[in-house]
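Colleague: Structure incoming, see below.
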Amino acid sequence: GAVVSQHPSWVICKSGTSVKIECRSLDFQATTMFWYRQFPKQSLMLMATSNEGSKATYEQGVEKDKFLINHASLTLSTLTVTSAHPEDSSFYICSAGTDRANEQFFGPGTRLTVL
Amino acid sequence: GQQLNQSPQSMFIQEGEDVSMNCTSSSIFNTWLWYKQDPGEGPVLLIALYKAGELTSNGRLTAQFGITRKDSFLNISASIPSDVGIYFCAGQWYGGSQGNLIFGKGTKLSVKP
């Protein structure tokens, strides 16, 4: 149990285009979903936290108009990178949390390459 | 953003050797978590620690929640080639139903057969 999927697993896009990444909790309802970004050889950095049906809370330095997060249901959250640029190339990982404070289950990640 | 101090940054050991890594923080946490990440994959939870002083094992892995709540260590005994990967510690502080994870910078483990 507690499986989180992400789609796509990798994507290559042209500069200026938008990319949508999906995060799904497959066998549980996620009250909270988190989006992380990981640059090569670095740690995971939290971008934003989203609760179902409400606006996401963004970490300092993360542009909310560039990284659009929608958490429309208890099993799906989406991250849209708008007007992507090469510096947005990174590994994006989501995690899903339950009502238990200490449980977060990570997805397999999405590799974004912006040309 | 805030990060934990994790050491060592990398280790290159012989198969069969024991491994130890640790994390320290200037802040206290309610929970310490240890994850392993393989290349191109998301982190997988290895051990979760919920109380200061707690010592927990998962197979060949043992982790402890420091008594000051500001540190934790992870030991791997009798390492094998599949232990290769990057190990992250994460601290969690929560007052409500969900708390943010603060990650260490990772320890890259290489095991020579």
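Line order of the protein sequences matches chains A and B.
If you count by the numbering used here, then the first sequence holds residues 1 to 115, one letter each, in order.
If you count by the numbering used here, then the second sequence holds residues 1001 to 1113, one letter each, in order.
We put the beta carbon where it would ideally sit given N, CA and C, even for glycine.
(1) Rounded to whole angstroms, what's the CA-CA distance from A:P86 to A:V114? Just pull it up for me.
(2) If you reduce the DSSP assignment to three classes, tell me which class B:S1082 lands in.
(3) At 3 residues or longer, what runs of the beta strand (DSSP E) sit wholly inside the region 6-86 of chain A?
(4) List the residues of chain A that B:E1041 touches, going by C-beta distances under 7 Å, in chain order.
(5) Could you tell me whether the Cβ of B:Y1106 comes closer than 8 Å to any Cβ of chain A?
(6) For a contact meaning CB atoms closer than 8 Å, what does B:L1046 contact in chain A?
(7) Residues in its own chain within less than 7 Å of B:Q1014 by CB, not counting five upstream and five downstream?
(8) Among A:G107, A:L112, A:S90, A:R111, which has the Cα closest to the Cα of A:G97?
(9) If you draw a straight line from the C-alpha of B:L1004 to the C-alpha of B:G1053, how long is it?
(10) Against chain B, which members of the region 21-49 of chain A pass a CB distance test of less than 8 Å?
(11) Among the candidates A:Y36, A:K14, A:C23, whose CA atom is the shortest distance from the CA of A:Q3?
(12) On the DSSP bridge assignment, give the partners of B:F1029 in chain order.
(13) For A:H71 versus A:S50, is the C-beta spacing smaller than 8 Å?
(14) Determine, using beta carbons only, whether B:F1103 comes closer than 8 Å to chain A.
(15) Report the residue from A:F105, A:P40, A:E103 whose alpha carbon sits nearest the alpha carbon of A:R111.
(16) Using a Cβ-Cβ distance under 8 Å, would A:I93 count as near chain B?
(17) By DSSP's criteria, B:N1022 is part of a beta bridge. Which residues make up the other side?
(18) Measuring only the C-alpha atoms, how far is A:S73 from B:G1016?
(19) In chain order, what residues of the same chain have a beta carbon less than 7 Å from the beta carbon of A:E59, not counting five sequence neighbours either side?
Modeller: In this structure, then:
(1) Within the first sequence, the letter at position 86 stands for residue 86 of chain A. Within the first sequence, the letter at position 114 stands for residue 114 of chain A. Going by the C-alpha atoms only, they are around 5 Å apart.
(2) Taking the first residue of the second sequence as 1, we reach residue 1082 of chain B at position 82. Reduced to three states, the DSSP call for B:S1082 is helix.
(3) 10-13, 19-25, 32-38, 45-51, 67-73, 76-81
(4) Counting from one through the second sequence, the residue named residue 1041 of chain B turns up at place 41. What B:E1041 touches in chain A: P108, G109.
(5) The residue given as residue 1106 of chain B occupies position 106 in the second sequence. First, the residue type needs correcting, since residue 1106 of chain B is Gly and not Tyr in the sequence shown. Taking Cβ atoms only, chain A reaches closer than 8 Å to B:G1106, which makes this a yes.
(6) Translated into positions along the second sequence, residue 1046 of chain B becomes position 46. Neighbours of B:L1046 on chain A: none; closest Cβ ~12 Å, over 8 Å.
(7) As a working note, residue 1014 of chain B is residue 14 in the second sequence. Same-chain partners within the cutoff: K1112.
(8) Reading the first sequence from its first residue, position 97 is the one you call residue 97 of chain A. Residue A:G107 is the option with its Cα nearest to A:G97.
(9) As a position in the second sequence, residue 1004 of chain B is number 4, starting the count at 1. As a position in the second sequence, residue 1053 of chain B is number 53, starting the count at 1. Near 19 Å, if we compare the C-alpha coordinates of B:G1053 and B:L1004.
(10) T31, T32, F34, Q42, S43, L44, M45, L46, T49
(11) Along the first sequence, one-based indexing puts residue 3 of chain A at 3. Here residue 3 of chain A is Val; the residue named in the question, Gln, does not match the sequence. Nearest of A:Y36, A:K14, A:C23 to A:V3, Cα basis: A:C23.
(12) As a first step, residue 1029 of chain B must be located in the second sequence, where it is residue number 29. Paired residue(s): none; B:F1029 is not in a bridge.
(13) As a working note, residue 71 of chain A is residue 71 in the first sequence. As a working note, residue 50 of chain A is residue 50 in the first sequence. Cβ distance < 8 Å, so A:H71 and A:S50 count as in contact.
(14) By one-based count along the second sequence, residue 1103 of chain B stands at place 103. Chain A, which has a Cβ nearer than 8 Å to the Cβ of B:F1103, makes this yes.
(15) Numbered from 1 along the first sequence, position 111 holds the residue referred to as residue 111 of chain A. Answer by Cα proximity: A:P40.
(16) Residue mapping note: residue 93 of chain A aligns to position 93 of the first sequence, counting from 1. With 8 Å as the cut-off, A:I93 counts as an interface residue toward chain B.
(17) Here residue 1022 of chain B is taken as the residue at index 22 of the second sequence, counted from 1. Looking at the DSSP assignment, B:N1022 forms a beta bridge with B:S1007, B:F1073.
(18) By one-based count along the first sequence, residue 73 of chain A stands at place 73. By one-based count along the second sequence, residue 1016 of chain B stands at place 16. The straight-line gap from Cα to Cα measures roughly 47 Å.
(19) Looking up residue 59 of chain A in the first sequence gives position 59. Spatial neighbours of A:E59 in its own chain (CB-CB distance under 7 Å, excluding positions within 5 residues in sequence) are listed in chain order as L46, M47, A48.
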